[in-house]
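Novice: Residue numbers (our numbering): 270 to 613. Attaching a single structure in structure tokens format; questions to follow.
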């Protein structure tokens, strides 16, 4: 039974543990607290959700539709002025042709779907980079409300006594993980001291890029200075935030990001971040900590400078922390209310 006193969200993914679903959950909680309405979430894994979705589309009620790729449930849906689409970004197909052709095809379908949607649809992008992308697709009604960063309390966690860094994300071509390993090996050689890189990330079954990453990890297993700790099975949120907090630096050489949530999560735990120019992350962090794409091969130099200087780390963290606080509760709550309130 659909309640006309609720604001429903649709998340077109069967997983309750991916980043889009978790953001939808956090947003629903915040809307409920700020606007005092019930905020149920519908998703394909929930029995009866598609039937409820059809009822919502025909009712003219408010619906928040989280979009991060081709969604078959959007096919044939009539324009509803009370539907708000939240754009989480689509990674371009060019990253996946040789390693994950099915993912590449889904990316192309998602972009085609954006081209075909009515241009009067209301959109909320999670970053300025995403908003610009939507405008290039011809959408005019685009607002921005950042992702919600959870600064989970993990108690007292000391920084490691040795140089340490961390990366969290899928082991996929757009994440550029093999090059990250190569750059961190050069960092360790330049520092000539024990250096740890923690990688938290899973490989999709059958992904050839994942196999290349596995081979690179094996090749570096006897490196005299670099130790790679690959948590390929993933970790729970409490452990992940503790790993962020104990590390000296978050490192990412990702080539494409719509927001860069792990970067912001690490900063929220008191760890500065260094990342390659990738679109969304520099728009979210106003460029603090960005290494230009033109200097990709010199990523290691900037990493050595930051790891080797406490004042550099503290200065970078101070600049980044002042920005990330805006995306945490309670600061983000006002942004959610001001952005979603008038539309709902």
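C-beta: ideal position from N, C-alpha, C; glycine also.
Identify, in the order they occur along the chain, each residue of the same chain with its Cβ nearer than 8 Å to the Cβ of residue 604, setting aside the five sequence neighbours on each side.
Specialist: Within the same chain, residue 604 has close Cβ partners 414, 415 and 595.
Novice: Taking just the CA atoms, how far does residue 514 sit from residue 428?
Specialist: Their backbone Cα atoms lie some 7 Å apart in a straight line.
Novice: Using a Cβ-Cβ cutoff of less than 7 Å, which residues in the same chain neighbour residue 366 once the five nearest sequence positions on both sides are dropped?
Specialist: 373.
Novice: Out of 536, 424 and 599, state which residue places its alpha-carbon closest to the alpha-carbon of residue 518.
Specialist: Measuring from the Cα of residue 518, the nearest candidate turns out to be 536.
Novice: Given residue 390, which residues of its chain have a CB within under 8 Å of its CB, disregarding the five upstream and five downstream residues?
Specialist: Hits under 8 Å: 348, 352, 354, 408 and 410.
Novice: Using a threshold of 8 Å, state whether the C-beta atoms of residue 521 and residue 545 are closer than that.
Specialist: Contact: yes.
Novice: Can you check DSSP and say which residues form a bridge with residue 609?
Specialist: Per DSSP, none; premise fails for residue 609.
Novice: Measure the alpha-carbon distance for residue 601 versus residue 314 and round it to whole angstroms.
Specialist: Going from the Cα of residue 601 to the Cα of residue 314 covers about 29 Å.
Novice: Rounding to the nearest angstrom, what Cα-Cα distance links residue 570 and residue 277 in this structure?
Specialist: Whole-angstrom Cα-Cα distance: 48 Å.
Novice: Identify whether residue 391 lies in helix, strand or coil by the three-state DSSP scheme.
Specialist: Residue 391 falls in the strand class under three-state DSSP.
Novice: Exposed or buried, residue 607, counting other C-beta atoms within 10 Å across all chains shown (16 or more means buried)?
Specialist: Exposed is the call here.
Novice: Just to confirm, are residue 310 and residue 280 a CB contact at a threshold of 8 Å?
Specialist: Going by C-beta atoms, residue 310 is nearer than 8 Å to residue 280.
Novice: Can you round the beta-carbon distance between residue 304 and residue 612 to whole angstroms, since I take them to be within the 8 Å contact cut?
Specialist: Going by Cβ atoms, the distance from residue 304 to residue 612 rounds to 11 Å, so no, they are not a contact pair.
Novice: Mapping the DSSP letters down to three states, classify residue 353 as helix, strand or coil.
Specialist: Three-state DSSP puts residue 353 in a strand.
Novice: Is the beta carbon of residue 516 less than 8 Å from the beta carbon of residue 422?
Specialist: Going by C-beta atoms, residue 516 is not nearer than 8 Å to residue 422.
Novice: Between the segment 493 to 501 and the segment 446 to 463, can you find at least three pairs of beta-carbon atoms closer than 8 Å?
Specialist: Result yes; three or more Cβ-Cβ pairs closer than 8 Å.
Novice: Leaving out five residues before and five after residue 506 in sequence, what residues of the same chain have Cβ atoms less than 7 Å from its Cβ?
Specialist: Excluding positions up to five away in sequence, the list reads 421.
Novice: The alpha helix (DSSP H) with residue 399 in it runs from where to where?
Specialist: Looking at the DSSP string, the run of the alpha helix (DSSP H) that includes residue 399 is 397 to 405.
Novice: Would the segment 400 to 407 and the segment 470 to 490 be scored as touching if the rule is three or more Cβ pairs under 8 Å?
Specialist: The answer is no - the segment 470 to 490 does not touch the segment 400 to 407, with fewer than three Cβ pairs under 8 Å.
Novice: For residue 539, name the three-state secondary structure that DSSP assigns.
Specialist: If DSSP states are grouped into helix, strand and coil, residue 539 belongs with coil.
Novice: Since residue 482 contacts residue 447 with CB under 8 Å, what's their CB separation in whole angstroms?
Specialist: Yes, they are in contact, since the Cβ atoms of residue 482 and residue 447 sit about 6 Å apart, within 8 Å.
Novice: So, for residue 394: in the same chain, excluding its five sequence neighbours on each side, which residues have a beta-carbon less than 7 Å away from its beta-carbon?
Specialist: Result list for residue 394: 356, 400, 403, 411 and 413, in chain order.
Novice: Can you tell me whether residue 465 is helix, strand or coil according to DSSP?
Specialist: Of the three classes helix, strand and coil, the one that applies to residue 465 here is strand, per DSSP.
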